[in-house]
């Protein structure tokens with residue numbers, strides 16, 4: 001069995017996969033540019049390496065939620081790519097953002113003057129994208145407020161404080177491409193485009209599509225698409241297709257070394273609450289990961305639910321076929337309650353595993369149903385959530401180790 005020197009657990013991030021995923025997204029987007037969204041530490045994959053890998057794949061924009069993320073991206077990638085930030089509260093560091101040539105989305109009337117003040121302090125014109133609420137009911141300028149916002153923006157633009165160069169919105173049900181709301185929001189976005197351009201503000205970029213819309217709805221591509229989870233190789237529409245169906249492969253593999261392997265009798269309760277009880281003399285294994293590391297407690301097993309899947313005894317390519325002999329790779333489910341630091345497995349009565357052997361919680365697979373090995377979507381199904389949360393919530397105690405050449409500083 002292979003081991004991981006110096007690690008009890010780690011997340012291996014394949015930077016070449018991120019690069020190749022962006023290449024696939026570029027091909028899907030055709031004439032539209034690609035903004036790789038790297039918010040939330042690049043969905044848990046590591047902001048700086050992921051941003052550089054996305055650029056290596058042909059992304060020309062990088063997107064962040066918070067301004068601090070945008071500044072970190074600019075420091076990591078230099079002055080060349082465009083960077084956009086879109087979520088902040090009053091008092092955000094607008095002067096620094098403008099000084100670092102970060103585009104700023106304005107999603108509320110109050111923000112225009114704060115951005116303009118920051119631009120004056122920075123001594124340069126702010127590049128602004130107006131974010132309109134076309135039906136999501138979240139952040140964004142309402143259609144009713146848009147005319148007044150445009151009047152104020154025109155005055156600030158005439159003063160040289162800012163330039164409105166983009167218009168953006170976000171879909172509520174992009175992962176259901178045939179839902180009537182998608183067409184309704186697209187029409188509302190078209191109305192907003194006409195309103196902005198009629199106000200004398202020609203737009204450099206119009207952008208609406210997230211990962212799901214990029215992959216399933218070409219009518220939403222416009223000048224720029226904003227994929228997030230697809231950059232990291234996970235399907236935003238798992239009910240429609242696995243990653244491989246869209247030319248993607250998951251970039252993150254979460255693996256750990258068994259901390260304890262021990263024999264127990266039939267009838268042994270396992271973990272808090274004894275929601276799992278052994279049915280025969282067997283071997284238990286302890287994985288040194290838990291909800292303190294981001295493993296969802298809702299992925300507990302036994303009488304609590306199916307339990308998160310774990311690949312034991314080999315790699316993705318070694319998964320046992322039905323009826324295969326002992327010692328081949330196999331997928332087991334979490335036994336009992338997920339703890340803060342530990343997850344338990346019932347390895348079976350003849351398990352050959354020993355302390356230090358590697359198990360894989362999820363990795364570069366099209367999932368259990370397709371490939372027989374778990375990916376983040378399988379954990380999402382076990383926990384009643386989405387794959388976005390599974391990779392993004394992975395905590396700081398789990399070191400990220402980078403594979404591949406794309407996105408490295410020397411690349």
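In full-length UniProt numbering, the protein residues as written are 1 to 411.
Using N, Cα and C, we set each Cβ at its ideal position, and we do this for glycine too.
On a predicted model such as this, the values are computed, not experimentally measured, just so you know.
Beta-carbon separation (whole angstroms), residue 63 vs residue 38, contact threshold 8 Å: 7 Å
Reduced DSSP category for residue 390 - H, G, I as helix; E, B as strand; rest coil: helix
Burial state of residue 448 (16 or more Cβ within 10 Å): Missing from the structure shown is residue 448; the chain here goes from 1 to 411 and no further.
Rounded straight-line distance, which links the Cα of residue 88 to that of residue 403: 33 Å
Helix, strand or coil at residue 20 according to DSSP, with G and I counted as helix: helix
Minimum length 4: unbroken alpha helix (DSSP H) runs contained in the stretch 155-234: 180-198, 211-216
Contacts around residue 244, its chain only, beta-carbon distance under 6 Å, and the 5 residues preceding and following it disregarded: 366
According to DSSP, residues forming a beta bridge with residue 277: 269
Reduced DSSP secondary structure (H/G/I, E/B, other) of residue 98: helix
Close beta carbons around residue 131, own chain, < 7 Å, minus the five adjacent residues each side: 86, 105, 106, 107, 139, 140, 141, 168, 169
Cβ pair count under 8 Å reaching 3, the stretch 287-300 against the stretch 341-360: yes
Short Cβ contact (8 Å threshold) for residue 213 with residue 174: yes
Terminal residues of the beta strand (DSSP E) in which residue 256 lies: 252-257
Length of the line joining the Cα atoms of residue 181 and residue 193: 18 Å
Simplified DSSP assignment, three categories, for residue 14: strand
Validate contact between the stretch 294-303 and the stretch 10-25 using beta carbons, cut 8 Å, 3 pairs: no
Under 8 Å between C-beta atoms of residue 417 and residue 371: Residue 417 is absent from the model: the chain starts at 1 and stops at 411.
Anticipated Cβ contact below 8 Å, residue 226 with residue 209, distance rounded: 6 Å
Coil, strand or helix - residue 350 by DSSP: coil
Every unbroken beta strand (DSSP E) inside the stretch 52-126 [3 residues or more]: 61-64, 82-85, 103-106
DSSP three-state assignment for residue 288, whether helix, strand or coil: coil
Residue 129 versus 176, 201, 405, 284, residue with shortest Cα-Cα distance: 201
Helix, strand or coil at residue 332 [DSSP, three-state]: strand
Span separating the alpha-carbon of residue 18 from that of residue 351: 36 Å
Nonlocal neighbours in the same chain, by C-beta distance under 7 Å from residue 95, ignoring five residues either side: 118, 121, 122
Stretch pair the stretch 307-314 + the stretch 353-362: three plus CB contacts closer than 8 Å: yes
Test item: CB-CB of residue 278 and residue 268 under 8 Å: yes
Coil, strand or helix - residue 42 by DSSP: helix
CB of residue 275 within 8 Å of CB of residue 348, strictly: no
Rounded straight-line distance, which links the Cα of residue 57 to that of residue 408: 13 Å
Reduced DSSP secondary structure (H/G/I, E/B, other) of residue 246: helix
Alpha-carbon spacing of residue 116 relative to residue 166, whole angstroms: 16 Å
First through last residue of the alpha helix (DSSP H) which encompasses residue 368: 368-371
Opening and closing residue of the alpha helix (DSSP H) in which residue 414 lies: Examination of residue 414 is not possible in this model, given that the chain is present from 1 through 411 alone.
Strand pairing of residue 36, partner residues [DSSP]: 62
Identity of the residues DSSP links to residue 240 by a beta bridge: Residue 240 is not bridged to any residue.
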